[in-house]
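Single-structure report; data block below.
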Amino acid sequence: MITFAIGLSIILLFVILFLLFRIGTLASIFRGSTKQAAGTTKTSNRINGTMMLLFLFVGGAAFAWSFIESWDEMNQPLASVHGEWTDSLFWTTMIIIGIVFVITQILLFIYSYKYQHKDDKRAYYYPHNNKLEVIWTMIPAVVMAILVFAGWKTWTNITSAAPEDAVVVEVMGKQFNWMVRYPGPDGKLGVAKHTLIDATNEFGVDFSDKNAQDDFMPREIHVPKGKPVLLKIRSRDVIHSVFMPHFRLKMDAVPGMPTKFWFVPTKTTAEMQNETGNPDFKYELACTEICGRGHFAMRFIVIVDEQEDYDKWLSEQKPFIEQNPGVMANFTAEPQKELVSAKKAEVPAQEVKTEL
């Protein structure tokens, strides 16, 4: 916030100075003093050119300072296998683009000073150069093609099929919180339908499905260190976005279109607390899609355990229907309704007519 305020103050200072000089020039012109206006114009050009150089050095120094000052905040500690690929691709791209940016900005401001208007100078007419056109078209095209290919390869690796032994966790976003569901001992998530959603069964799980009857819904996400974790992501209302910065994980939750993302955590919560020196450190799942007034509240705690601790936590979880026994009443009655409907359908048309 302080960095932003300083940068904004510098920009406003330059704008004010520029406007003051421009006002002086226009005032001279309106007074009809051609000679004075010409002198003022020369002075303004010289001052503007000098200010360009000043802005280059001051702005460059401010940028470098803010970059160094924000380094730790920009670079959150890494805690996943694929995060190394993501960071490598990101910084490779930033270095290439950064070099080009610095060179072009230096030339832009230096040329603005060097080639400021002077009465005895005339522009050189340089209409075309095939060689130059080929060079500045081919070099960026080749560099961009390499970056795009590297990005495609990294994204393909990240979004490949999850290993069969991956821990499966379903994450559902809704206004304005996250809900999480794990499969029980059978390792399979039960069917969920939006038509079954109610105040108790917020996931809309079909508990007549045997695979769903051991599913549980904890208040925190627990995952084991060093083992692949598959997130099955969906939304109940609007677009949300699953974001776990330390795992370099981001995937949209889209209503009507399930998405997924798998990763391998490499550091437990306890290890990260030691690394950061923060005993209260917690991994976090946040929403990065502005989804309404309560968007800020969509945060969920993620805990990475050693395998033994994860197994212990897993054994302590109780199925949702055991914690909410009343929910099964809606599903035990369902087969009876279907049986009655089937019997009515079997009644001959004549009998129905007689009854009527």
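Residue numbers (this note's numbering): 63 to 418. Where a beta carbon is used, it is the ideal one built from N, C-alpha and C, also for glycine. It should be emphasised that the depicted structure is a prediction, and the values quoted were computed from it without experimental measurement.
query, result
"Once the 5 residues before and after Q237 are set aside, which same chain residues still bring their CB inside 7 angstroms of it?", "D299, V300, C353, G354 and G356"
"How many angstroms separate the CA atom of I78 from the CA atom of F117?", "13 angstroms"
"Entirely within the segment 278-352 and at least 3 residues each: give me those beta strand (DSSP E) ranges in chain order.", "283-286, 291-297, 302-306, 311-315, 321-325 and 345-349"
"Just the C-alpha distance for G122 and D277, rounded to the nearest angstrom, thanks.", "56 angstroms"
"Consult DSSP for R361 and reduce its assignment to one of helix, strand or coil.", "strand"
"How should S132 be labelled, buried or exposed, when 16 other C-beta atoms within 10 angstroms of its C-beta is the threshold for buried?", "exposed"
"Sorted by chain position, which residues of the same chain lie with C-beta nearer than 8 angstroms to M279's C-beta, five sequence neighbours on each side aside?", "M241, V242, R243, Y244, F265 and F382"
"Determine the contact status of V366 and Y345, defining contact as a CB-CB distance below 9 angstroms.", "yes"
"If contacts are defined as beta-carbon pairs under 8 angstroms, then M306 and V364 qualify, I think. What distance do you get, rounded to the angstrom?", "6 angstroms"
"In three-state terms, what does DSSP make of V230?", "strand"
"Going by other Cβ atoms of all chains shown within 10 Å of its Cβ, with 16 needed for buried, is L194 buried or exposed?", "exposed"
"Identify, in the order they occur along the chain, each residue of the same chain with its Cβ nearer than 6 angstroms to the Cβ of T96, setting aside the five sequence neighbours on each side.", "Confidence at T96 is low in this model, with a pLDDT of 49, below 50, so the placement of that residue is unreliable and no value is reported for it."
"Measure how close the beta-carbons of E310 and G145 come, nearest whole angstrom, since I'm counting them as under 8 angstroms.", "The residue asked about is misnamed: residue 310 is Arg in this sequence, not Glu. About 4 angstroms; that satisfies the 8 angstroms criterion."
"Please confirm whether N273 and V253 have their CB atoms less than 9 angstroms apart.", "yes"
"Under three-state DSSP, which class holds A203?", "helix"
"Just how far apart, CA to CA, sit V196 and L75?", "41 angstroms"
"Starting from V242, trace the beta strand (DSSP E) in both directions and tell me its first and last residue.", "N239 to R243"
"To the nearest angstrom, report how far apart P286 and V389 are at their CA atoms.", "31 angstroms"
"For S270, which of helix, strand or coil comes out of DSSP?", "coil"
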